[in-house]
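Enquirer:
Protein chains: 2
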Amino acid sequence: MITTVRRRARATAGPTARGDGAGATVGLGMLAELIGYHVRLAQMAVFADFERALGALSLSPGLFGLLVIVEANPGLRQTQLADAARLDRSTLVPALDKLESRDLVERRAAPDDRRSNGLFLTAQGATLLAQAKRAVRAHEKRIAAELGEGDRATLIELLDRLAPGGRRP
Amino acid sequence: MITTVRRRARATAGPTARGDGAGATVGLGMLAELIGYHVRLAQMAVFADFERALGALSLSPGLFGLLVIVEANPGLRQTQLADAARLDRSTLVPALDKLESRDLVERRAAPDDRRSNGLFLTAQGATLLAQAKRAVRAHEKRIAAELGEGDRATLIELLDRLAPGGRRP
DNA sequence: GCCATATTGTTTGACATCAAACGATCCGCG
DNA sequence: CGCGGATCGTTTGATGTCAAACAATATGGC
Numbered sequence: 005m006i007t008t009v010r011r012r013a014r015a016t017a018g019p020t021a022r023g024d025g026a027g028a029t030v031g032l033g034m035l036a037e038l039i040g041y042h043v044r045l046a047q048m049a050v051f052a053d054f055e056r057a058l059g060a061l062s063l064s065p066g067l068f069g070l071l072v073i074v075e076a077n078p079g080l081r082q083t084q085l086a087d088a089a090r091l092d093r094s095t096l097v098p099a100l101d102k103l104e105s106r107d108l109v110e111r112r113a114a115p116d117d118r119r120s121n122g123l124f125l126t127a128q129g130a131t132l133l134a135q136a137k138r139a140v141r142a143h144e145k146r147i148a149a150e151l152g153e154g155d156r157a158t159l160i161e162l163l164d165r166l167a168p169g170g171r172r173p
Numbered sequence: 005m006i007t008t009v010r011r012r013a014r015a016t017a018g019p020t021a022r023g024d025g026a027g028a029t030v031g032l033g034m035l036a037e038l039i040g041y042h043v044r045l046a047q048m049a050v051f052a053d054f055e056r057a058l059g060a061l062s063l064s065p066g067l068f069g070l071l072v073i074v075e076a077n078p079g080l081r082q083t084q085l086a087d088a089a090r091l092d093r094s095t096l097v098p099a100l101d102k103l104e105s106r107d108l109v110e111r112r113a114a115p116d117d118r119r120s121n122g123l124f125l126t127a128q129g130a131t132l133l134a135q136a137k138r139a140v141r142a143h144e145k146r147i148a149a150e151l152g153e154g155d156r157a158t159l160i161e162l163l164d165r166l167a168p169g170g171r172r173p
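Protein sequences, first through last, are from chains A and B. As numbered in the working numbering, residues 5 to 173 make up the first sequence, in order. As numbered in the working numbering, residues 5 to 173 make up the second sequence, in order.
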C-alpha cells in the first residue's frame, strides 16, 4: 500500500486538463517510511493548534516557552535561558527585545557580573502568562484527547527515547 | 518530580561565582508536560542525525525530500510538489533554484499549460539520490535501533494520530 | 468569442534560527 | 598584581520559512 497526500482541493473550478494521468494523488516514495517525516508532520499539527490557542494573546510557542522558564527561574541569565530553551544565545536577543518592549520581561543588570543580565517576569508578564497557561492547558487537553491517557504517556516515553537527554557537546 | 536540563558544562574553569543558589539545573515549569515540547526535542534530535547522514552529499533533509518526491512523480508541477512536501509554493522557488543549479532537477515547460513547469530528476540527480537514499536508510536504521521494531510502529501510529491526514483548508 | 475569476510561478518583505565575530568583562595562574 | 583565555550579550550575515502581491496564463459563464 502506497501512502499518499491528497491534492489541494480546487476552490471552484473542476479538475484542470493535465497530461499526467488520473493524478488524484502524489506519491511520497520512501518518505512515508521515515520516522523523521512523521515527527515533522506531528510537530506541524501540534504547533499549529498551539499557535491557534495562543494567537489571541499574540504569543508564539517560543515566546510562551521563554516566559514559562523565566517564571520558574527568576534571575536566570540569558545564556542559561538559551540553553534551557534549546536556542542559540544570539537567537534569544531579539526574542527578549520583543518581550521587554511589551513589558513582559525585564533584563536587570546582574549584581555579581557586569556582563550578565538577570531575567525577571514583570507583573504584566505574570498576568499574561497566567492567561496563556490556561489557553495552553486547553490546547494540551485537545491534543491529548486524540490519544487517551495511556497512549499519551507511551508517546512521550517513545519520543524521549529519540531525544537522548538533550546532550549538546 | 521536576524535570530539568543540565547547565552547559564549563569547558575548563570551575563554577563561576553566582548568586542564584546551588543552581545545578534550570526548571522547565509546565513545559515538560506538553506533548509539543517532546515532539520538538525528538524532531531536533532526529533531524540532527539526518543532517549528519546527508552532510557529505551537501543535501538537507528538505532537499532530499524534494528529490524523493520528484523521482516518484516525474513531471510534477511546482504547486503539487509544494503541497506534497508541505511547503509554501514560494518557498519552493529558491529550493528548486538550488537543485537546478546543481543539475539535480530540471524544470521543463509543461506542454499543456504555459504557466507550469514539469519537474524531472536529471541523470546526475538520480545518481545522487541513490547515494542519499543509502545514507538515509542507515540513518533510519540508527534511529529505529533506539526503539525496536514494535515500538517504532507504535510511535508512527501515535504520531499519525496527532497529524490528522494532513488536512489543509 | 469575451470577460471576470482562478491558478502558476515568482518577487518581495517579515521572521526565526544558527554561526561567526566582536567588545566588555571575568577568572585563574603565574 | 597583570595577562591570557574563557564567557556574556550583541551584531552581522546566511538560510529557511510563510504571506502578500504581481504578471502571465487558463477556465468557465454568459
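All residues carry an ideal CB built from backbone N, CA and C; glycine is no exception. A quick note: this is a predicted structure, and the numbers were derived from the prediction, not measured.
#1: For G31 (chain B), does the three-state DSSP call read helix, strand or coil?
#2: Looking at the secondary structure, which residues open and close the alpha helix (DSSP H) in which L56 (chain A) lies?
#3: Quick one: is A167 (chain A) near chain B, going by C-beta distance under 7 angstroms?
#4: Determine whether the Cβ of G31 (chain A) lies closer than 7 angstroms to any Cβ atom of chain B.
#5: When you compare only the Cα positions, how much space is there between A167 (chain B) and L67 (chain B)?
#6: According to a CB-to-CB cut-off of less than 9 angstroms, which residues of the stretch 105 to 133 of chain A neighbour chain B?
#7: Using the C-alpha atoms, what's the distance from Q47 (chain B) back to S62 (chain B)?
#8: Report yes or no: do the stretch 127 to 134 of chain A and the stretch 80 to 99 of chain A share at least 3 C-beta pairs separated by less than 8 angstroms?
#9: In the DSSP assignment, the alpha helix (DSSP H) including R165 (chain B) goes from what residue to what residue?
#10: Do V30 (chain B) and A88 (chain A) count as a contact pair if the criterion is CB distance below 7 angstroms?
#11: If contacts are defined as beta-carbon pairs under 8 angstroms, then G33 (chain B) and I73 (chain A) qualify, I think. What distance do you get, rounded to the angstrom?
#12: What does L80 (chain B) pair with, by DSSP beta-bridge criteria?
#13: Check for me: the beta strand (DSSP E) holding A113 (chain A) runs from which residue to which?
#14: Closer than 8 angstroms between beta carbons: that is the criterion. Which residues of the stretch 60 to 73 of chain B meet it against chain A?
#15: Can you list, in chain order, the residues of its chain with a C-beta nearer than 6 angstroms to that of A86 (chain A)? Leave out the 5 residues immediately preceding and following it.
#16: Report the three-state DSSP secondary structure of E150 (chain B) (helix, strand or coil).
#17: Pick helix, strand or coil for L67 (chain B), following the three-state DSSP scheme.
#18: Considering just the uninterrupted stretch of the alpha helix (DSSP H) at A93 (chain A), what are its terminal residues?
#19: List the residues of chain A whose Cβ lies closer than 7 angstroms to the Cβ of E150 (chain B), in chain order.
#20: Taking a Cβ distance cut-off of 8 angstroms, strictly less, list which residues of the stretch 37 to 51 of chain A are near chain B, in chain order.
#21: Which class does D87 (chain A) belong to by DSSP, given the choice of helix, strand or coil?
#22: Examine chain B for any beta-carbon lying closer than 7 angstroms to the beta-carbon of G154 (chain A), and answer yes or no.
#23: In chain A, which residues lie less than 7 angstroms from A57 (chain B) when you measure between Cβ atoms?
#24: Can you find a C-beta in chain B that's less than 7 angstroms from the C-beta of G25 (chain A)?
#25: By the three-class DSSP mapping on this structure, what secondary structure does R118 (chain A) have?
#26: For E75 (chain A) and L132 (chain A), which I take to be in contact (beta-carbon distance under 8 angstroms), what is that distance rounded to the nearest angstrom?
#27: Using a Cβ-Cβ cut-off of less than 7 angstroms, list which residues of the stretch 73 to 88 of chain A approach chain B; keep chain order.
#28: Determine the contact status of G69 (chain B) and L35 (chain A), defining contact as a CB-CB distance below 7 angstroms.
#29: Can a CB atom of chain A be found closer than 7 angstroms to the CB of E161 (chain B)?
#30: Check the C-beta distance from A4 (chain A) over to R81 (chain A) and give it rounded, since I have them as a contact under 8 angstroms.
#31: Quick check on the burial criterion: 16 or more other C-beta atoms within 10 angstroms. Buried or exposed for P78 (chain B)?
#32: Give me the Cβ distance between L108 (chain A) and L159 (chain B), rounded to the nearest whole Å; I'm assuming they're in contact under 8 angstroms.
#33: Is the Cβ-Cβ distance between A139 (chain A) and A57 (chain A) less than 7 angstroms?
Expert: Answer, in terms of the structure:
#1: strand
#2: A small fix is needed here, since residue 56 (chain A) is Arg in this sequence, not Leu. Here the alpha helix (DSSP H) through R56 (chain A) covers I39 to L58.
#3: yes
#4: yes
#5: 22 angstroms
#6: A114, P115, D116, D117, S120 and G122
#7: 20 angstroms
#8: no
#9: E153 to L166
#10: yes
#11: 6 angstroms
#12: B:L123
#13: V109 to A113
#14: P65, G69, V72 and I73
#15: R93 and L96
#16: coil
#17: helix
#18: This sequence places Arg at residue 93 (chain A); Ala is not what is there. Counting along the chain, the alpha helix (DSSP H) containing R93 (chain A) begins and ends at R93 to S105.
#19: R165 and L166
#20: E37, L38, I39, G40, Y41, H42, V43, R44, L45, A46, Q47, M48, A49, V50 and F51
#21: helix
#22: no
#23: In chain order: nothing, as chain A lies at least about 10 angstroms away.
#24: Reliability of the predicted coordinates at G25 (chain A) is poor, the pLDDT of 35 falling under 50, and the value obtained from them is presented with this limitation in mind. Judged by the 7 angstroms Cβ criterion, G25 (chain A) is not in contact with chain B.
#25: coil
#26: About 11 angstroms; that fails the 8 angstroms criterion.
#27: I73, E75, A76, N77, G79, L80, Q84, D87 and A88
#28: yes
#29: no
#30: Since the displayed chain A opens at 5 and closes at 173, residue 4 (chain A) lies outside it and no answer follows.
#31: exposed
#32: About 36 angstroms separates the two Cβ atoms, so there is no contact after all.
#33: yes
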